[in-house]
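First up is the structure itself, then whatever we jot down about it.
Residue numbers (this note's numbering): 201 to 338.
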């Protein structure tokens with residue numbers, strides 16, 4: 201085995217999983233922003249810090265279990281299944297956070313930072329628990 205084979209042989213797998221993870225991040229960001237009652241992208245473009253914190257929390261809360269699924273998956277189907285589970289858990293976290301808080305849409309549109317932190321923090325907590333719950337028993 202040559203030096204190149206030994207050290208560069210993993211690049212195709214890296215590129216495949218990395219591209220898959222980026223695609224899932226884009227898909228999640230799109231689905232999540234379409235699922236919220238407020239237009240986070242528009243609010244972020246307007247300089248709404250609460251929307252920025254909430255959206256980054258959701259992205260981070262999704263990226264944690266996504267990274268775990270990349271690291272632990274035996275194949276791309278396994279990765280896709282767990283990435284989809286992570287996406288569903290994040291959407292559930294958003295729904296739950298909105299149920300526990302009042303007037304989330306109005307507060308986000310007004311830029312109320314407490315609401316942005318609530319949504320972003322809830323997403324991160326669910327993401328950490330989701331990632332920790334992904335175990336391999338094979």
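All C-beta atoms in this analysis are idealised placements derived from N, C-alpha and C, irrespective of residue type, glycine included. Because the structure is a prediction, the values reported are computed rather than measured.
Please look up how many angstroms separate the CB atoms of residue i and residue j, rounded, as I've assumed it's under 8 angstroms.
i	j	result
residue 253	residue 316	4 angstroms
residue 323	residue 261	3 angstroms
residue 287	residue 328	So it is not a contact: roughly 16 angstroms between Cβ atoms.
residue 217	residue 270	5 angstroms
If you measure between the beta carbons of residue i and residue j, is that distance less than 8 angstroms?
i	j	result
residue 293	residue 326	yes
residue 305	residue 237	yes
residue 318	residue 297	yes
residue 308	residue 243	yes
residue 240	residue 251	yes
residue 259	residue 220	no
residue 235	residue 291	yes
In terms of residues, what are the limits of the alpha helix (DSSP H) holding residue i?
i	result
residue 328	313 to 333
residue 290	276 to 300
residue 305	304 to 310
For residue i, which three-state DSSP category applies?
i	result
residue 202	coil
Run through the stretch 219 to 268 for me and flag every whole alpha helix (DSSP H) of 4 or more residues, listed as ranges in chain order. You should have 240 to 245.
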